[in-house]
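Here is the structure we will look at.
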Amino acid sequence: MSNNDNKKKNNFIHSPLLIAVVASSLLVTAYSAYQKDGLYSYYNYDYKMPFMTLAMRGLADGATPFYVTDDFVEMAQSQNPDYYIDMARTIPDTADGAESEAAAGKDSLDENGNTSGSDNNAGSGSDAGSGSSGIDNSGAGSSDSALDSSKDNATAEGSGNKADSSIEASGASADAGSSTSSSESSEAASVEPEVEKFPYMTTTGEVDAEYFADALFIGDSRTVGLSEYCEELDEQATFYGKVSLSIYEANNKAFVKTGGGKLTLEKALEGKEFKKVYIMVGINEIGYGSTDGWISSYTEVIEKIQTACPDAIIYLQAIMHVTREYDNTKAPDASINGVINTRSEALKALADNRRIFYLNINEVFDDDNGDLQADISFDGVHLKASAYTVWYEYLRTHAAEPCT
Amino acid sequence: MSSLTDLVFIFRFVPCFILIYYIVPAAMRMWVLFFGSFLFYTLGEPRWCLVLLGATIFNYFLGKWTSLQRKSFLILAAVFDAGLLMIFKILGLTISMDFLPIGISFYTFKMIAYQADLYTGKLKERPDFVTTASYFYFFPQLLQGPIMRPDNMYSSAIWIDKDVSSRKERLGIYLNNIEDGLKFFIMGMAMKVLIADHLAVLWKDLHTIGYESISTPLAWIGALAYSLDLYFDFWGYSLMAAGLGVALGFPFVQNFNHPYAAKGVRDFYRRWHMSLGTWFRDYIYIPLGGNRKGTFRGIINLLIVWVLTGIWHGITPNYIIWGLFLYVLILSEKYIISRSKTLFNIVSRLNVFVLIPVSWVVFAISDMERLTVYMTRLFPFFGISGYVNTSDYIKYSTLYWPYIVPGLLLLIPCVFDFCEKKRRHPLAVVVLFVLFWLCVFSTANTAGNPLMYLRF
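Top line first, the protein sequences correspond to chains A and B.
For what it's worth, numbering that gives the first Met the number 0 labels the leading residue of the first sequence as 0, then goes sequentially.
For what it's worth, numbering that gives the first Met the number 0 labels the leading residue of the second sequence as 0, then goes sequentially.
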């Protein structure tokens with residue numbers, strides 16, 4: 000009966016939006032399901048959300064059915080266990096960085112082009128051993144790599160022995176097992192043709208605002224807050240801060256705002272001569288990836304900075320904690336601060352205390368339980384405007400200065 | 000599934016539900032509606048789902064006597080329903096927010112409406128259990144309203160579609176319903192997800208900074224942003240709920256009628272959250288006598304309504320202050336300002352564009368100390384204490400104007416009315432399709448694993 004047939008046809012034509020929505024949803028869902036373990040394997044799909052969220056998230060991160068951006072590939076690869084750096088590997092000392100770079104992949108370079116793997120710490124061990132007077136502090140003495148130890152400054156005298164004992168005492172050298180091995184190896188093989196001087200030591204007092212005139216701050220929204228509510232720093236320093244910044248983004252994407260547009264970190268650093276670079280990232284990618292993947296990206300960022308500003312001191316700031324209430328509410332079955340601690344510990348190991356220092360700023364923000372103090376944050380993650388001055392004070396009292 | 004914007008709801012629950020709902024014969028549809036809604040609520044509120052079930056059963060039985068015009072039973076039902084709401088509100092405040100069952104403010108009011116309509120005879124026959132339960136449980140409206148009336152529920156043509164002869168015609172009607180409902184749903188979702196949820200971030204940012212550290216221009220931008228956020232969140236959600244209702248064959252329930260085009264606060268609240276306003280009018284104001292027992296009684300009755308309205312929204316002091324503030328404005332409009340036409344024209348617009356946003360700030364901040372601080376930022380007659388970044392408003396207006404400007408445009412009635420009128424035009428279909436995927440994209444990228452969803 001053609002009349003009825005017509006009506007049926009007409010029915011569907013009269014609901015074009017419905018047809019379009021249903022058809023497109025089915026397509027996206029089918030594609031997502033098909034690529035669940037392929038393109039979208041990074042997301043560890045657990046069926047709790049509809050399939051199509053995979054495609055949506057993929058799209059946001061740079062993956063379409065026809066074209067995948069390099070960023071997405073990089074991000075997905077960082078899950079791969081072979082893709083991280085073995086920090087404990089010993090690398091033979093070579094004059095040029097090229098060979099060691101091939102061997103180690105991405106160890107950070109210092110100004111002499113040597114890899115700062117375990118042998119550089121070996122170098123530091125022998126330096127302390129040779130007992131050059133004013134230079135002990137930043138060496139093995141603080142090889143647990145926290146500049147918070149003003150105690151270390153006070154107690155460590157100019158002798159290598161003291162430095163060695165403080166290594167053992169500060170058992171929390173964590174993955175800097177390299178430094179303990181280095182101090183041992185320094186006893187055995189202390190034949191270094193040249194004594195390497197430490198360029199910096201921690202200050203025992205405070206630096207003033209001018210210290211930050213040639214400083215660069217890289218970070219996420221917490222750093223942005225620092226630029227907005229700490230007048231002293233805002234006047235002196237440069238800020239490459241961006242809300243929702245992750246280390247992946249800092250490493251790969253153009254996030255630095257300039258007059259014309261956005262630049263990648265390398266481009267932004269071109270021609271710049273920052274002498275101090277402060278970094279704090281990590282909270283935005285707490286749920287993503289692995290610690291090793293995070294560290295590997297972080298190392299690349301450090302390298303980029305060192306290439307552009309070889310003279311710069313790099314301060315790696317621990318990821319700031321969140322309040323206990325936030326941790327309990329947003330992640331009742333997990334511990335955000337726990338993951339923060341794991342990653343910050345791994346970050347510590349990247350510090351060599353010659354040019355790269357680790358700042359445990361959580362010291363001044365934590366309460367007795369190791370969470371962010373509840374009364375300095377309204378949302379559990381960011382500081383109140385009035386609390387940024389505490390951060391500034393910490394930086395002023397934990398700065399490294401040239402010793403000679 | 001604790002929201003209509005939940006992707007699990009949109010892509011899993013709704014398709015399955017609509018398919019089953021329209022496939023089964025008309026007589027069974029009420030059962031499908033009840034079971035579907037029951038499932039929906041239980042999945043979204045596993046802790047307190049028995050409260051709703053218990054209240055439903057209790058109200059159903061009480062209905063037997065209210066429908067027989069037994070006044071004491073009406074009073075018992077009203078006390079029970081209102082009392083249930085109050086108890087949980089108090090628990091929610093004193094113990095923790097987890098103690099407030101989702102939707103309780105809405106379903107208890109539906110229950111009271113049900114009893115009252117049975118008593119007055121507005122609802123002529125006492126419905127059977129499934130029909131009664133479907134009314135209370137109606138999933139599009141269960142979480143956040145609108146508070147549809149009982150007779151709207153039962154007068155729908157969908158229950159009598161055996162009158163419609165051929166299967167093809169019925170299919171046509173169903174598809175039409177779904178298509179139309181989908182359009183409202185998408186319009187609402189776009190308002191909520193694309194405008195409101197983004198402006199909410201601005202408001203949250205101000206909270207994070209600390210109100211003592213925001214500049215006065217930013218405080219006003221914040222008030223504006225919050226007002227727009229609240230409006231589009233609520234209006235958007237109401238449109239989504241109405242759209243779902245239409246898709247299921249129910250009449251469109253209007254909850255907002257361009258409130259910001261109102262002339263004065265009195266008019267505003269006849270256009271804002273209409274299902275609540277009319278509920279208070281029909282079940283509190285008029286039974287108390289309304290205006291008919293003299294001006295003084297009228298004023299008292301209005302006071303009662305506004306205090307109760309404040310309490311319905313929340314039991315912290317700021318809600319009561321909010322209600323009273325609006326009450327005073329309404330009284331002054333009704334009895335004082337209306338005496339002069341020119342004065343009224345000026346003051347009424349001022350009230351809507353300046354005082355209503357200020358009232359929303361009172362509504363938004365429960366902590367009295369922080370509220371006071373915010374007020375001193377809005378009206379900075381006492382100077383600044385503490386560090387304020389005086390150019391902060393530039394940053395925020397630059398960041399948020401893409402959301403504020405469309406919001407302001409949609410305040411103009413003819414903008415939305417035009418869209419609504421032209422919703423069958425092919426271009427509208429394309430636009431709605433794009434909006435749909437934008438909303439889904441936005442929602443998918445803010446949900447996810449609890450650690451991942453954080454964006455700082």
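Beta carbons: idealized from backbone N, C-alpha and C, even for Gly.
Contacts that residue i makes with chain B (C-beta to C-beta distance below 9 angstroms)
i, result
"A/Lys383", "Thr207, Ile208, Gly209, Glu211 and Ser212"
Same chain, Cβ closer than 7 angstroms to residue i, neighbours up to 5 away in sequence not counted
i, result
"B/Ser358", "Trp321, Phe324 and Leu325"
"A/Phe254", "Lys241, Leu244, Glu248 and Lys261"
"B/Met188", "Thr4, Gly235, Met239 and Cys438"
"B/Phe435", "Ile185"
"A/Tyr210", "Ala398"
"B/Tyr259", "Val351 and Leu410"
"A/Ser24", "Met51"
Chain A residues whose Cβ lies nearer than 7 angstroms to that of residue i
i, result
"B/Ala77", "Per Cβ cutoff of 7 angstroms: no residues; B/Ala77 is ~36 angstroms from chain A at best."
"B/Leu457", "Absent from the model: residue 457 of chain B. The displayed extent of chain B is 0 to 455, so no value can be given."
"B/Phe435", "Val20"
"B/Asp150", "By Cβ distance, chain A contributes nothing, its closest Cβ being about 29 angstroms from B/Asp150, past 7 angstroms."
Backbone secondary structure at residue i - three-state DSSP
i, result
"A/Leu394", "helix"
"A/Glu299", "helix"
"A/Gln305", "helix"
"A/Ala330", "coil"
"A/Met51", "helix"
"B/Val23", "coil"
"A/Glu468", "Residue 468 of chain A lies beyond the range of chain A shown here (0 to 403); nothing can be said about it."
"A/Lys256", "strand"
"B/Met0", "coil"
"B/Thr445", "coil"
"A/Val20", "helix"
"B/Gln288", "Before going on, a small fix: residue 288 of chain B reads as Gly here, not Gln. B/Gly288 falls in the coil class under three-state DSSP."
"A/Thr322", "strand"
Cut-off 6 angstroms between Cβ atoms - residues of its own chain near residue i, not counting five sequence neighbours on either side
i, result
"B/Ser331", "none"
"B/Ser441", "Val192"
"B/Phe16", "Gly35"
"A/Glu183", "Summary for A/Glu183: the model assigns pLDDT 39, below 50, so the residue's position carries little reliability; its value from the coordinates is reported in the next sentence. So the list is empty, once near-sequence residues are dropped."
"A/Ile217", "Tyr239 and Ile278"
"B/Arg422", "Lys182"
"A/Ala373", "Thr322"
"A/Lys303", "Leu264 and Glu265"
Partner residues on chain B for residue i, Cβ-Cβ distance less than 8 angstroms
i, result
"A/His13", "Gly171, Leu174, Asn175 and Glu178"
"A/Tyr404", "Outside the shown range of chain A (0 to 403) lies residue 404 of chain A, about which nothing can therefore be said."
"A/Ser24", "Phe10"
Cross-chain neighbours of residue i in chain A, by beta carbon under 9 angstroms
i, result
"B/Lys203", "Asp378"
"B/Asp366", "Those do not exist, as B/Asp366 stays about 10 angstroms from chain A at its closest Cβ, beyond 9 angstroms."
Nearest candidate by alpha-carbon position, reference residue i, set the options
i, options, result
"B/Ala404", "B/Ile285, B/Ile355, B/Leu342 and B/Ile194", "A quick correction: the sequence has Val, not Ala, at residue 404 of chain B. Selected option, being the one with the closest Cα: B/Ile194."
"B/Ile283", "B/Ala261, B/Thr308, B/Ala189 and B/Phe380", "B/Thr308"
"A/Ala333", "A/Thr388, A/Phe216, A/Gly286 and A/Ala311", "A/Gly286"
"A/Ser296", "A/Leu394, A/Asn359, A/Val280 and A/Tyr42", "A/Val280"
"A/Ala345", "A/Cys229, A/Asp291, A/Cys308 and A/Lys303", "A/Asp291"
"A/Thr435", "B/Pro316, B/Tyr106 and B/Phe10", "A question about residue 435 of chain A goes unanswered here, because the residues of chain A that appear run from 0 up to 403."
"B/Tyr136", "B/Leu117, B/Ser226, B/Gly120 and B/Tyr113", "B/Tyr113"
"B/Leu92", "B/Phe352, B/Ser365 and B/Gly406", "B/Ser365"
"B/Ile177", "B/Leu328, B/Asn444, B/Gly293 and B/Leu243", "B/Leu243"
"B/Leu409", "B/Val327, B/Phe231 and B/Asn300", "B/Phe231"
"A/Lys252", "A/Phe71, A/Asp326 and A/Cys308", "A/Phe71"
Chain A contact residues for residue i, given Cβ-Cβ distances below 8 angstroms
i, result
"B/Lys182", "Leu16"
"B/Leu440", "It should be noted that the sequence gives Phe, not Leu, for residue 440 of chain B. The answer, in chain order, is Met55, Leu58 and Ala59."
"B/Asp391", "Glu227"
"B/Val428", "Pro15, Leu16 and Ala19"
Which residues DSSP lists as bridging residue i, in chain order
i, result
"A/Phe377", "DSSP lists no partner for A/Phe377."
"A/Gln316", "A/Leu358"
"A/Lys275", "A/Ala214 and A/Ile312"
"B/Val346", "For B/Val346, which the question treats as bridged, DSSP gives no partner whatsoever."
"B/Val327", "According to DSSP, B/Val327 bridges with nothing at all."
"A/Ala62", "A/Val67"
"A/Asp366", "Answer by DSSP bridge pairing: none, since A/Asp366 is not bridged."
Same chain, Cβ closer than 8 angstroms to residue i, five either side skipped, listed in chain order
i, result
"B/Leu83", "Val50, Ala54, Ile103 and Thr107"
- Pull out every residue of the stretch 52-72 of chain A whose Cβ sits closer than 8 angstroms to any Cβ of chain E, in chain order. Reference to chain E is not applicable here, since the protein chains of this structure are A and B.
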